[in-house]
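Everything on this sheet refers to the single structure shown next.
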Amino acid sequence: MAEFRDHIEIEAPPEAVYAHLVTEDGLTAWMGHRADLDPTPGGRFAVDIAGHPVRGEFLHLDPPHRVVVSWGFAGSEDLPAGASTVEFRLTATEGGTRVDLCHSDLPEPEVRGHADGWANFLPRLAIVGAGGDPGPDLWRPLPD
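Numbering (the numbering used here), first residue to last: 1 to 144.
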């Protein structure tokens, strides 16, 4: 299994950024078109991204410092619902918040597509987290 790591800086306090990871309106402001979330340990994590149903559960919540969810796709044999893990670590900085992302337990063939997705979505989180509007999300998955 492989992992993908990245980080961003957001001009907002961790509390503001955290809300964009655990609320339906917050999450869909930067990623996905519909979300159904129950931000409690073992609670539902469901977001539809470009027609793909991401399904998993909240594994760990430490407001406003850390969110860990399981991640996969409903009906997928390559990366089934809940098969991988996404961790967001939020660290207060002088200018706001550093967000460290680690997407682990990815089958090697899935890394390229997920890296492309995170390259689209993390900058959108930075804009939304700082109170901006990232505009419409036109991202689509890479072709196989």
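Each residue gets a CB set at the ideal place from its N, CA and C atoms; glycine is no exception.
Query                                                                                        : Result
At least three beta-carbon pairs within less than 8 Å, the segment 81–99 to the segment 5–20 : yes
CA nearest to the CA of R5, picked from R34, T85 and H20                                     : T85
Under the three-state DSSP convention, the category T28 falls into                           : helix
Simplified DSSP assignment, three categories, for L21                                        : helix
Same chain, Cβ closer than 8 Å to H20, neighbours up to 5 away in sequence not counted       : G26, L27, A29, W30, L125, V128 and G129
contact_flag[the segment 74–91, the segment 44–63] where n(CB pairs < 8 Å) is 3 or more      : yes
The beta strand (DSSP E) enclosing F58, as first and last residue numbers                    : H52 to D62
DSSP-derived helix/strand/coil call for A92                                                  : strand
Top-ranked residue by Cα proximity to A46, from L90, L61 and S70                             : S70
Assigned secondary structure, P109 (DSSP; H/G/I helix, E/B strand, else coil)                : helix
Nearest-angstrom Cβ-Cβ length linking W118 and L101, presumed shorter than 8 Å               : 6 Å
Span separating the alpha-carbon of P199 from that of G131                                   : Residue 199 is absent from the structure shown; the chain starts at 1 and stops at 144.
Straight-line gap, D90 to I49 (C-alpha atoms, nearest Å)                                     : Checking the sequence, you will find Leu at residue 90 rather than Asp. Distance between the alpha carbons of L90 and I49 is about 23 Å.
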